[in-house]
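Read the structure below first, then the notes.
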Amino acid sequence: MPPADLGGPLTTDESPAGRELGLASEQVAALESPLPSQGSLPPRSYLTSDAPSRPLDGIWKFRLHEGTRAALTDDWQLGQELHGFAELHVPSNWSMHGHGRPAYTNVQYPFALEPPHVPDANPVADHVLEFQAGPEFQTFALLRFDGIDSAGTVWLNGTRLGTTRGSRLAHEFDVSGILVEGANVLAVQVAQFSAASYLEDQDMWWLPGIFRSVSLQARPADGIEDIFVHAGFDHVTGEGVLRVGASRSGEPIDAVVRIPELGVELPAGGEHRLAGIDPWSAEEPRLYSATVSAPGETVSVELGFRTITIEDAQFKINGRRILLRGVNRHEHDPKLGRVVVPERMEAEMLLMKQHNINAIRTSHYPPHPGFPALADRLGFYVVLECDFETHGFFNSGWTQNPSDDPQWREALVDRMRRTVERDKNHASVIMWSLGNEAGTGQNLAAMSTWAKDRDPSRPIHYEGDWSCPDVDVYSRMYAGHAEVELIGQGKEAPLENAALDARRRAMPFMQCEYVHAMGNGPGGMSEYQELFERYPRLMGGFVWEWVEHGITGTGTDGAGNDLFLYGGDFGEEVHDGNFVTDGLVDANRKPRPGLLDFKKVIEPLTIKVAEDWSGVSLRNGFDFADTSNLRFRYRLESDGAVLARGDLAAPALPAGESTQVPLPVDLVEKAGHSTAVLTVRAELDEDTLWAPAGHELAWGQAALNLPVAPGVPATAIVTESPETLTLGPAVFDRVTGTLLRLGGVPVHGVRLALWRPPTDNDLGAEWSDPEWQPVARSDAQRWHDAGLNRMHHRLIGITAAPAADGGEELVVRTRMGAADKQFGVFVDYAWSSDGHSLSLRTAVRPDGDWTDASGPLPWARLGLEVVLGAETQSAEWFGQGPHHSYPDTGQGTKLGWYQLPLAEMDVDYVRPQEAGARRGTRTAALELDAGRLAISGEPFALTVRPYSEAVLAAATHRPDLIPDGRTYLYLDHAQNGVGTAACGPGVLDAYRLIPRKAEFSLTFRVEPVNADTSGV
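Numbering of the sequence shown is given in this note's numbering, commencing with residue 144 and proceeding in unit increments.
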């Protein structure tokens, strides 16, 4: 019989009529509410107070359940009969300590998209702490949680206090009458997912837990609940404009403001003009220590006087247009997850300052509560972002997006309120950001309206709505260079709405994300910076991003470094791979080459050394600071030795001004006829908060007598044997013309190379605006489809031709091509020798139509792969260094003489890829087991590896790179740029390697192991 008709499938979320048998239905209903937190106090500033407080961080009891419905309902909230509990340090993310696993997604949600519902597979953790409270907390006290991911329910001594919503937002609970003197039991149940998770789809690991500090704070009866500092600066009169509001229970109170340095004592509430004020800026972060006192409490605050205006489509601070040289900063620790160690946070901010970075966007949430004070003190412009992103709704056409759904309005305005209130007293915060990648909608407008009403002194930022109805700056991410130039000129494509179009054209323009720093790259930074500096409407931008989010795995990468894991390494059902490892520094804050280049691109001084060494042109690119705290030093080097050094008599140069400074007249004479490099550096003259005296801010170089590729006389002749051909120190296979041995070094092949193991940017497809869809296949895919990674030689002929110097030239003529392809290249290898050295002239001629559906098909590289049957210990070279460089990167490299062990010739990107080329090399040498191989020629890019391109291309993590006892040497005449197509524009036309005729020469010489190795 067929089953009885049960009325068809349920079509709503309603349960069938009858008695509810499921467990924890109330908890599930609470987690699925789109409302903000319940029971918490109104948000307020993060204050430094003399009122008693005590941290509750430390070892807590911990128990994990696989889901809400599996959570036990015993008396654990009372601290009794704690069955199944272990210990866990708070703050922490529990999945970083063996309880569950991290999971990474970028856009996609890791659960079904059915807001506001959450999955049954929703880990829930019980946290319990017994702590002592003294009598000082008994009158009025509160509990403060600075961050719980994603939803917490809080009990004290068995009394339910309320809930938290907004993982990176502070929540406080009144515990008066519940807290007792002596022993107390604090219990917190944390769910990984809640309705709030739909508002927190940021590009990062999903890591649940109480990950920021917990504290108990006494609140004096006559204390200060909150203050609001308004410290402006009148750049015309030089006066500070100060108004400090103090409040309790939302009402103004009488308080006294004291600024000892100024000898000022003022009543709170009124506006006061103070003469002789030094203003605050990121370049000159002048702060005045102040106190605000009421009868029962005194709070301390650091005042930075500065005023923000938008005039003539320019973003100005204290009357001057500023330029942001910024980074997007996530909070990430490779072993702790989202937990921030204050000392590490300060160290990374010092590292930013030392690399000329002056601005930070707190992507995509409010940072650790100690961050803004550090930014005030060290000097950063901060775009402080609300804890809000709904990017995953993009995949569904933004249907049900909370940004435009009224049921989420209260929660979203609450998030904005908590963001603004906590950090409103910090001079470094120059903009509030509504969030990131959350589409458009009425709730964003409500957030903006609330923020403007509460704090009209700061502009509002949000990138997701390009019509800009609710913001004060026009912000975009990854806009291409051509479009940025049009915007700078005020010639961008108009909006349909004329009023909105006119409003937007009056706004300054900011790239809230650009030059995606993923793997090898990013390229195109210099071209962006040139535009930012040329057009006043452009206010700069923020590189995506500062730090890679690698998670430390067990073991090392094979070279003694931490092994970092990424998306998919933890068995996630859905993930976005290594897109989480995209930063200017690795997860341990080790600088990547991209950071070293960015420092040069954004350096605040321009130093140009005249080609004849007659003098130096200096331009001060600071917005406010002069150069009185700097010294300018020169150094003359030849073959690694210092021939001369000294200081230049440069005047103190005001911001924006230029000058010429003479160089000593005898430098050219000291250089003589040797190759010499002159470097001029701008250094700190005295210690600062962020770097010691002698720290380099900027530099310029010029060279004399650069080496010309030596011509080796072709005096040797080719001799034959049944199996080989010999030319000077070289032995070739008689049948194939392949080089077999060079001196005492076995050679396993010399061949033209047109391919490289793809970088992350090679794998990216360039994006279009406004659809954000790929407009072309990635370079890597085009190279693969064209067969560049599987090209083979066909021998045309081997000849011994007479040479001009009386010897012979061994010419091996070939054609390279890939299976199923008509196009290829003719390659002639012409060898000659003087009996000791071996020269190779390579001639390349494309054959056939090197185009595909996307247009001209670029080559990845144009050079030689030389495989040596010996291991390399180290490399030395004269050229650009010490770090790697490609056609559109390497701005931070200097011309000089370098030597590095083989391991340091590579870059330990988390996902292995093409890296390590040293452009502009003129002479080089490898220390091999079998001798010393010297190489010279017209400028080439030098790359040395102990494993093949195939091994590198197949590797997913560093331990996959296993040396095979050989040396893989790449000597590139030209290379394709790297661009930033992992997210953003591809390689600019100027750096594309379009197939073309080419001819280049190199000379090799093998010296015995014990030979004199002075010089390169």
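Note that the Cβ used here is the ideal one computed from N, Cα and C, for glycine as well.
Computed from a predicted structure; not experimentally measured.
Query	Result
Hey, how far is the Cα of Asp-547 from the Cα of Leu-350?	27 Å
With Tyr-671 as the anchor, note down where its alpha helix (DSSP H) starts and where it stops.	668-677
If we count the other Cβ atoms within 10 Å of its Cβ and call it buried at 16 or more, is Asp-977 buried or exposed?	buried
Could you tell me the distance, in whole angstroms, from the CA atom of Ala-944 to the CA atom of Phe-969?	19 Å
The beta strand (DSSP E) spanning Ala-873 covers which residue range?	873-876
Cβ of Leu-681 versus every heavy atom of the ligand MN: is any distance shorter than 7 Å?	In the structure shown, the ligand MN is absent, as is every other ligand, since no ligand is present at all.
Short check: CB of Val-1087 to CB of Ala-1018, under 8 Å?	yes
What are the start and end residues of the beta strand (DSSP E) that includes Ile-750?	748-752
Can you tell me which of Gln-632, Pro-512, Asp-755 and Ala-787 puts its alpha carbon nearest to the alpha carbon of Asp-1168?	With the chain covering 144 to 1159 only, the question about residue 1168 has no answer from this structure.
So what does Val-399 bridge to, in DSSP terms?	Pro-410 and Ser-436
Over the uninterrupted beta strand (DSSP E) stretch that includes Thr-592, give me the two end residues.	Note, Thr-592: premise wrong, no beta strand (DSSP E); alpha helix (DSSP H) at 585-597.
Kindly identify the DSSP beta-bridge partner or partners of Gln-275.	Ala-326
Relative to the alpha-carbon of Pro-1138, which residue among Met-1048, Trp-993, Arg-1061 and Gly-1006 has its alpha-carbon at the smallest distance?	Trp-993
Thinking C-alpha only, which one of Thr-802, Asp-1107 and Leu-1114 is nearest Ala-793?	Thr-802
Quick check on DSSP: helix, strand or coil for Ile-745?	coil
Quick one: which unbroken alpha helix (DSSP H) runs of 4-plus residues sit fully inside the stretch 511-591? Chain order, please.	514-521 and 552-566
Do you know offhand how far Leu-1104's Cα is from Thr-699's?	12 Å
Start and end of the alpha helix (DSSP H) containing Gln-803?	From DSSP, Gln-803 is part of no alpha helix (DSSP H) but of the beta strand (DSSP E) over 801-805.
In chain order, what residues of the same chain have a beta carbon less than 7 Å from the beta carbon of Leu-359, not counting five sequence neighbours either side?	Ser-196, Arg-197, Leu-199, Ala-276, Phe-280, Ala-284 and Leu-286
Helix, strand or coil for Pro-185? Go by DSSP, reduced to three states.	coil
Where in the stretch 779-830 do unbroken runs of the beta strand (DSSP E), each at least 3 residues long, occur, reported from the N-terminal end onward?	784-791, 801-805 and 819-827
Kindly indicate the opening and closing residues of the beta strand (DSSP E) around Pro-485.	No beta strand (DSSP E) holds Pro-485; the alpha helix (DSSP H) holding it covers 485-497.
For Thr-869, I'd like the list of residues in its chain whose CB is within less than 6 Å of its CB, leaving aside the five on either flank, ordered along the chain.	Thr-862
Quick check on this structure: which residue in Glu-676, Cys-529, Glu-606 and His-534 has the alpha carbon closest to the alpha carbon of Glu-575?	What sits at residue 575 in the sequence shown is Trp, not Glu. Comparing Cα positions, the closest option is Cys-529.
Do you know whose CA, among Leu-806, Arg-778, Ser-1079 and Ile-745, lies nearest Gly-758's CA?	Leu-806
Considering only residues of the stretch 878-906, which uninterrupted beta strand (DSSP E) runs meet the minimum length of 3 residues and lie entirely inside it, listed in chain order?	882-885 and 888-896
Could you pull the DSSP bridge partners for Asp-377 from this structure?	Glu-382
Is there contact between the stretch 445-452 and the stretch 474-486, where contact requires at least three CB pairs shorter than 8 Å?	no
For a test of the three-state rule: what should DSSP assign to Ile-1105, helix, strand or coil?	coil
Report the residue ranges of all alpha helix (DSSP H) runs contained in full by the stretch 1030-1098; include only those spanning at least 4 residues, in chain order.	1092-1097
Judging by CA-CA distance, which residue of Leu-638, Asn-640, Met-682 and Gly-666 is the nearest neighbour of Cys-655?	Met-682
With burial defined as no fewer than 16 other Cβ atoms inside 10 Å of the residue's Cβ, what is the status of His-270: buried or exposed?	buried
Is it right to say Arg-558 is buried, meaning 16 or more other beta carbons lie within 10 angstroms of its own, or is it exposed?	buried
With a 10 Å radius around its C-beta and 16 neighbouring C-beta atoms as the bar for buried, classify Leu-938 as buried or exposed.	exposed
DSSP on Trp-1002, reduced to helix/strand/coil?	coil
Give the DSSP-derived three-state secondary structure of Tyr-431 in the structure shown.	strand
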